[in-house]
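Report on the structure given below.
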Amino acid sequence: MIKAMKDPGIIIGLSFVLLITIMGIFAPWIAPQAPNSQTLEFRHKPPGFSGKVVNYRLAPNLPYITIAIKKISIENDNIIVTDKLDRQLQIAIKNLEGGRFETGIKSITFWLGTDQFGRDILSRIIHGARISLTIGFSASLIALVIGVILGALAGINGGRIDTIIMRLTDIMFGFPTLLFLIGITAAMEPSLNVVFMAVGLVTWPGMARLVRGQVMQLKHMEYVQSAKALGFSKTTILLKHILPNSLAPIIVTFTLGIAGAIMAEASLSFLGLGAQPPTPSWGAMINSSKDYLRIAPWASLAPGTAIAMAVLGFNLLGDSVRDLLDPTMKKG
Amino acid sequence: MLNALRVLILSLLLAGCTKDIDYQTLTIPYSTDIRGFDPAFATDLRTGKVISLLYDNLVRFDLDMNLVPGAAKHWSVSADGRKYTFIIRNNIRFHNGDLLTVDDIIVSFERILNPQTSSPQTWLLDRITGAKEYLQGYTDSVRGLTVINDSTLTIELDEPFSPFIQYLAMPATAIINKNEMEHLTNIPAGSGPWKLDKWERDGEILFTRNIDYWDGSPKIEHLRIRILSEIMTQSAEFEAGSLDIYEVPKGELEYWRDKDYNKKEENELIIRYVGMNCSRPPFDNIYLRKAMNYAIDREKIIHILLNGSATITSGPVPPRFLTGEVRTQYEYNPGKAINLLKKAGYKNGLNTELYVAGGSEMFHVLEALQSDWAAVGINVEIKRSDWNVFKTAVREGKPDLYYLDWYADYPDGENFLYPLFHSKESMTKRNRFSDPDVDAIIEKIQRLPDNAERQSLIVEANNMIADKAPWVFLWHSKTTYLTQKWIGGFRPSPIFNAQRYTLVTKQIGP
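In the order they appear, the protein sequences are chains A and B. Quick note on my numbering: the first sequence kicks off at 63 and runs consecutively. Quick note on my numbering: the second sequence kicks off at 2 and runs consecutively.
Below you can see the structure in the form of structure tokens.
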């Protein structure tokens, strides 16, 4: 444990992963704004900008909308708002957020600036973490389940089953991953569900190969041989003796798989094949703001940094865990 | 810090781009490549533009959208509006030196109609007498096309149809050299002001001027069209001086607003809209369709997201073709939208899907519309797909909502009515709108020659359609062109195939 703390990789990796996990889990509570709430008047404002807005809804069961205020006055039960186009708007106070003047009118600060629809980039990044993590975990989980089952089957049985499964993984390895993903998602209706299924279904061969290798190696260990001699079934040996002992490399591969899946989701969303607007996926955010690179560089820089941090975090974490668990690496 | 970053990005983009200016070549960008040089398949704007550089038509549009003589010196229309007589110039030569004759015109037109050509543009000529029989392969020639003598040609129609003369200015009715019709996709056979030098697919298209052009040779020696798909690349290249004329993308207007370039703004003949499927629930309900229209704040979107480069609609027809005062029927009125929604029976709102083609410029505004609709309780999910998939879905009437735009084929209000709202077209290709009154008024417009009665009918049709709300009418876009200071004589035109760059000059100093 002490040794682990000396490794800067694990510290950086862990802190990035923790940061993103916290953002993802607590997104609705820590994000200063709703991720899709637009204030068109605040389009392309730089980081740190703050402005005065009114939050209201047209009727009790409808979502809140936000507009920037130029002038404001109160008249009986209504407020009269002059917007930036000098149009006057009458809003009933009961329709303001919280039902009171004090809660409906506020000044908001955009710490990371705004995008082309005047949405708070920080809030979108925070909510984006949720999407990246969900996709990363679920895609990796699918790869894990398929990979472990097929790898274990191949390893424990050997012979023809092994050959068939391994040739299948070879075929899968033969396809360029991203191209294969683009093909799958383009053929379906684009959505996040398609993305994580596709990523999971494309990335399992690595896991299968690893597990097969582990099983083949452990199969000849004495304790496995003795279990066999005692008459345990193949399934029991696999589940009770072999798999628990190959957990370490599986965890490492799983962690690295998350980084790959996050990257894949971002790439597909960037190409318009993943998250659909207005979903605040990091890749989609870069896509929609890339045309404004010179007017509002922060709008693409922020999600770019977030992707880099997430991928780097999981990669560093995976690497460090491997180093810690692998006795041969320690001497080097 | 941010400024430093901007400078860094810019200098990276510009590094290596600066070079000596070539005063013999006019360079302009296209964002995607053309389909080829065959007029029969020129259905998209860019291909159509290139066809107009390489070929002549009987008539053409000038920069101000007037119909002017092309290969035909004069023309006249018979009193019943059915027979057109053209006097052909006898001094036009194709690029290979052959003389342009009346036969070339007949062969070119019959080629479009010939079933073996399988051109999607037969609609331009199928109103000629005998064209339908020819199209089906029953006859060897089109009866309505008659050679009177070496320089006279008549075209007879089944019924009077006033837009016909404008059809003859379209890319598909370009005149092809009858001796060189073999490889038109790659090798053009025209007589236009520019000759093709080279077409490097997805790279560039190079032209040399036709020095003997009958209407005056272009002033610049070469024309180069570069295919640059990324907005950022185009604008960096323009800034480096490698492009001479540049169409500013809507999103970049903020950036170029205060820059020192010659700027020209043009109202395009275009309408952007959201089509609603009018023949099945939920959008067969007119109250719901009106609610969709009242719910969006066009004024704010145009002002802020489009940097003011669009005008509000009064209906489908651009203001240029409407006489009298043009008023907007659908102002921003979310309260009214909510009431209409209730009246339509959607007290608790509704969920629906909007189809859009990937890569559309519309992504710069789509989410603002989505947010406006959500504010009144209409939750619209955006479905993005590839252009071909999207186009097929629209044609088959699959989407409830879809975003599209319509560019004028020719400068006439009729072009914003018949192809979009006549039940024959709409029920088979578009948003399944069918209304006998609208059909009747459009057919009447098509029979009348251009006069005051026709003009007022166009206004009436426009208002009638706006009132029935088959679309969410969005706006008519404007385009801003920037030119380098060494470019002279450039004027933009609202009609796509009027621009032939013959008067543009390129030199140092004013």
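For each residue, glycine too, the CB sits at the ideal point set by N, CA and C.
Rounded to the nearest angstrom, the gap between the Cα atoms of A:Ile73 and A:Ser200 is 25 Å. Annotation: the continuous alpha helix (DSSP H) that includes A:Ser77 extends over Pro70 to Ile87.
When DSSP states are grouped into helix, strand and coil, B:Glu397 belongs to the coil group.
DSSP places B:Phe62 in the uninterrupted beta strand (DSSP E) bounded by Val60 to Phe62. B:Ser424 and A:Gly336 have their alpha carbons spaced roughly 37 Å apart. The criterion of a C-beta distance shorter than 9 Å is not satisfied by A:Ile348 and A:Val257.
Within chain B, the residues Ile305 and Leu306 have their CB atoms less than 8 Å from the CB of A:Arg105, given in chain order. The beta-carbon distance between A:Phe179 and A:Arg105, rounded to whole angstroms, is 7 Å. This is short enough to meet the 8 Å contact definition.
Residues Pro267, Ala270 and Arg271 of the same chain have their beta carbon placed closer than 7 Å to that of A:Thr231, with the five preceding and five following residues left out of the count. Here DSSP, grouped into helix, strand and coil, assigns A:Gln150 to strand.
Contiguous alpha helix (DSSP H) elements confined to the segment 270 to 326 of chain A occur at 284 to 291, taking only those with 4 or more residues.
For the 9 Å CB-CB criterion, B:Gln456 and B:Gly490 do not form a contact. The DSSP assignment places no complete run of the alpha helix (DSSP H) inside the segment 192 to 233 of chain B (cut-off: 4 residues).
Secondary structure at B:Ala467: helix, using DSSP grouped into helix, strand and coil.
Assignment of B:Met171 by DSSP, reduced to helix, strand and coil, places it in the coil class. Residue contact check for A:Leu241 against chain B: no CB pair falls below 9 Å. Here B:Phe434 is buried, its C-beta having at least 16 other C-beta atoms within 10 Å. One finds nothing in chain B with a Cβ atom closer than 7 Å to the Cβ of A:Gln279; even the nearest lies about 47 Å away.
Contact check for A:Leu280 against A:Val210 fails: the beta carbons are separated by 9 Å or more.
Residue-level contact check: A:Phe376 does not touch chain B, since none of the beta carbons of chain B fall below 9 Å from its beta carbon.
Under the three-state reduction of DSSP, B:Glu326 is assigned to coil, being neither helix nor strand.
Chain B places a beta carbon closer than 9 Å to that of A:Pro125, counting this residue as a contact.
Approximately 11 Å separates the beta-carbon atoms of B:Ile443 and B:Glu461; this is outside 8 Å, ruling out the contact. Listed as beta-bridge partners of A:Leu158 by DSSP are A:Tyr118.
Residues of chain B whose Cβ lies closer than 8 Å to the Cβ of A:Phe332 do not exist; the shortest such Cβ separation is about 12 Å. Under a 10 Å Cβ-count criterion, B:Asn211 is classified as buried, with 16 or more other Cβ atoms of the shown protein chains found around its own Cβ.
Closer than 9 Å to the CB of B:Ile88 there is not a single CB belonging to chain A. Each residue's CA atom was taken as its position, placing B:Leu68 and A:Trp173 some 57 Å apart.
In this structure, the CA atom of A:Val277 is about 23 Å from the CA atom of A:Ile320. Considering only beta carbons, the part of the segment 229 to 261 of chain A lying closer than 8 Å to chain B consists of Ala248, Glu251 and Pro252, in chain order. Linking B:Leu341 to A:Gly345 through their CA atoms gives a straight-line distance of about 38 Å.
The Cβ atoms of B:Asn463 and B:Gly49 lie no closer than 9 Å to each other.
Taking A:Glu284 as the centre and dropping the five residues before and after it, the same chain places no C-beta closer than 8 Å to its C-beta.
Sorting B:Ile52, B:Gly316, B:Glu266 and B:Arg61 by C-alpha distance to the C-alpha of B:Ala470 places B:Gly316 at the top. Taking 8 Å as the cut-off between beta carbons, the residues of the segment 111 to 139 of chain A near chain B are Arg119, Leu120, Ala121, Asn123, Leu124, Pro125 and Ile127, in sequence order.
When the beta-carbon positions are compared, A:Leu330 and A:Ala214 stay at least 9 Å from each other.
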